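These notes are about the structure you will find just below.
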Amino acid sequence: MLPGSAARPSLNPGAFILLLLRPHICTHESHYSQCHQGLRPVIGLEAGKQAHGIAFTSGLDSDYCVGASLVNMYEKCDEIRVAHKLFDRLPQRDVVSWSALLSAYARKGRVDVTMKLFNEMTDFGVEPNIVTGNGVISGFNHNRDYNEAVVMLQRMHPEGYHPDDTTFSSVLSAVGDLKELKIGVQLHCCLIKQGLGQKRYVRSAQVDMYGKCACTLELTRAFDEIDEKDIGACNAVTTGLSRNGLIYNALKAFEQYRDQGTELKVVTWSSIIAGCTQNGRDIQALQLFERDAECRAKAKLCNNTLLVTSMWNYCGKAAQRFALGTGIADDFYFGSALIDMNAKCGRIHMSRLCFDKMPTKNLVCWSAIMGGYAMHGKTKEAKGIFDLMQRAGHKPDLISFCSKMEHYASMVNLLGHAGKLEQAYALINQMPFGTDACVWGALLGSCRLINNVRLGEIAAKKLFELEPENPGNYVLLSNIYASKAMWSEVNVVRDIMISRGLKKNPACSWIEVKNKVHMLLAGDKSHGEMPPILDKLNELSVEMKKAGYRPETDFVLQDVEEQMLGEHSEKLAVALGLLNTPPGTPLQVIKNLRICHDCHAFMKFISRIGGREIFVRDTN
DNA sequence: CTAGGGTTAG
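Here is the structure:
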């Protein structure tokens, strides 16, 4: 929305346009302070187009400064073709507009075009400068073309540009991602020689690089040598330490910094929370995130990694309320986290809303929504997103391939559940980028459904190579054998399990009721409400039988051990939820193993007769 | 005269 005071004559019109264009990336405080003179920052492509319109009608669009800014704006809004067209029409093209265009192509991963234009600009009588090179490097980094970033540095050097602090900061980051410690150390030496050793960005970039290369000693030294430890340095040391498992030290650094009283930014919080959750410190993560009494009461129960999901569910909603009010949700990282969180909590529709709301999207956002759809078995939507993403010019990377893997896995699941095992197997063989455990796991699970020994053995063989430590695969295969009374094969699989020291994970489900998380083990007598839960289940099974429901006896065999102990844990959790929440409340259950067919039928039935939304997810 | 392009941490 354009501010009403747009035509305010006291403002220099050129400056006004710049104000309008700049804040969509909202980084410079100076712009904010200027904005406070009656102008509010505008965000997104629509606003940018309006600004372009005003520039056009006032004839300012031919100004070469405004032009360069417009090129930049269109690129940041993911409209590189418009940006290039605008560039071509600029009456005057100087090093700044060239640089804007170059970094635009670099950000898109168009290495060829970038380098072609880089060579071409001299023919037009415009000499690239250090900022041009830095822009290209930054663009490559942004697109995770780290190798290209390093190559660009090497290219700049003989051409007589002296790398500056910006160059070193971004190249160090790239080198870290490449884990090229040797180059990192060389750069460290170079920058000291050039007297850039005390620059702020360079310092935290060094800490970051050593962290990414797993050199915690050097990391700590680099951090200690920083005289003025600012927020960037602290974020770098925190992530660097927790990324290498030194979560205790990371927390210490974080707390030291927090207690200085300086304002913490979203990245600081998210990095320490990510550090905690990745290192099994869920409770700390929870406490850090929300020091709320209610939440802490819950934290006492939260001593299991799986409960992170539940924590996100609770904290995530609060975070979302906060984020949507402040515009933080538009941030790539936060936005992606919201998309991911909502999907994991069964709110795929909300994920899509968050995704659609983001004014500009990067690869991570696309991957998050695609992964969400894949997670929910919505293969058509996932595929649609994948195609849209490519049309939007994003090169799928490892993460999108992982999502794509999940997408394939859910296709395999769908085919398998429809009894089309051969087709599922054929699909796996056609996968263009190799396979992984989740795809084979889907096939094995499907084989168990209809007890197909031949394909089950193929899938299991792959899985035993890919994840020899996962007991679930052995159990599934032995169950397939058991269903066909192939007892000697059952014993062989059991023996392998024993010889590898693997035990079947005990089945366990979690449910959140009245802000408390309850853990239910099959046949667990320690839960205080077990008698009413069992009564409720009896009552339900009577109703179900009346409605013509017959338990699928074969599948009861599936988890003989769990069955012997009593009711499956997810049934217990649902019964607890039914007893303790008003009618119509949705129930969310998390289970550590896969849900069995019988329980699935049970859930569907309860959902129908009780008019409840029931959401059960496993650990994947 | 100035403005416009590039800097780290999840």
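Okay, so the first sequence: first residue is 1 according to full-length UniProt numbering, each after it adds one.
C-beta atoms are modelled at their ideal positions from N, C-alpha and C, and glycine is treated no differently.
Computed from a predicted model, the values in this text were never measured in an experiment.
Quick one: using the 10 Å Cβ neighbour count with 16 as the cut-off for buried, is residue i buried or exposed?
i: V542; result: exposed
i: E613; result: exposed
i: C447; result: buried
i: K404; result: buried
i: H349; result: exposed
i: A392; result: exposed
i: I609; result: exposed
i: C189; result: exposed
i: G195; result: exposed
i: A297; result: At A297, the pLDDT of 39 sits below 50, so the modelled position is not reliable and the matter cannot be decided from this model.
i: L353; result: exposed
i: A547; result: exposed
i: A51; result: buried
i: residue 626; result: Residue 626 lies beyond the range of the chain shown here (1 to 620); nothing can be said about it.
i: G371; result: buried
i: A522; result: buried
i: H376; result: buried
Once the 5 residues before and after residue i are set aside, which same chain residues still bring their CB inside 7 Å of it?
i: I137; result: A149, M152, L153, T167, S170 and V171
i: I369; result: I339, S351, R352, F355 and I385
Sorted by chain position, which residues of the same chain lie with C-beta nearer than 6 Å to residue i's C-beta, five sequence neighbours on each side aside?
i: E489; result: Y481
i: Q92; result: Y64
i: D61; result: A55
i: F223; result: V207 and V237
i: L45; result: C77
For residue i, name the three-state secondary structure that DSSP assigns.
i: V126; result: coil
i: L587; result: strand
i: I606; result: helix
i: S509; result: strand
i: I595; result: coil
i: R281; result: coil
i: H162; result: coil
i: H394; result: coil
i: R617; result: strand
i: M431; result: coil
i: H417; result: helix
i: M519; result: strand
i: A51; result: helix
i: A424; result: helix
Among the residues of its own chain, which have a CB less than 8 Å from the CB of residue i, if the five just before and after it don't count?
i: V439; result: M405, Y408, A409, V412, I428 and M431
i: N473; result: G441, L444, A460, L463, F464 and E467
i: V589; result: S509, W510, I511, E570, A573, V574, G577, I614, F615, V616 and R617
i: L117; result: W98, L101, L102 and Y105
i: Q198; result: D227
i: V202; result: D165, F168, S169, L172, L191 and L196
i: L415; result: L421, Q423, A424, L427 and S446
i: I183; result: V150 and V175
i: Y549; result: A601 and F605
i: G135; result: S99, A100, L102, S103 and A106
i: L246; result: T216
Using a threshold of 7 Å, is the CB atom of residue i nearer than that to any non-hydrogen atom of the ligand SAH?
i: T239; result: This structure lacks the ligand SAH, and indeed carries no ligand of any kind.
Fill in: Contact the stretch 54-72 vs the stretch 80-92: 3+ CB pairs below 8 Å
yes
*Is the number of C-beta pairs between the stretch 252-260 and the stretch 201-216 that are closer than 8 Å three or more?*
no
Quick test of the definition: if touching needs 3 or more C-beta pairs under 8 Å, does the stretch 415-431 touch the stretch 382-396? no
For the stretch 495-508 and the stretch 588-595, state whether three or more C-beta atom pairs, one from each stretch, are separated by less than 8 Å.
yes
request  = Output the residue ranges of the alpha helix (DSSP H) runs that lie fully inside the stretch 75-138 and measure 4 residues or longer, sorted by chain position.
outcome  = 80-89, 95-107 and 111-123
Notebook entry, point to check: Do the stretch 528-548 and the stretch 494-504 touch if we need at least three Cβ pairs shorter than 8 Å?
Noted result: no
Threshold first: 4 residues or longer. Then list the alpha helix (DSSP H) segments lying entirely within the stretch 443-505, N to C. 453-466, 471-483 and 487-499
- Query: In the stretch 328-352, which residue ranges form an unbroken alpha helix (DSSP H) of at least 4 residues, counting only runs that do not cross its ends?
  - Reply: 332-344
Scan the stretch 178-251 and note each continuous beta strand (DSSP E) run of 3 residues or more that stays entirely inside, going in chain order.
-> none
For a minimum of 4 consecutive residues, which ranges assigned as the alpha helix (DSSP H) are wholly contained in the UniProt repeat "PPR" (362-396)? 363-375 and 379-391
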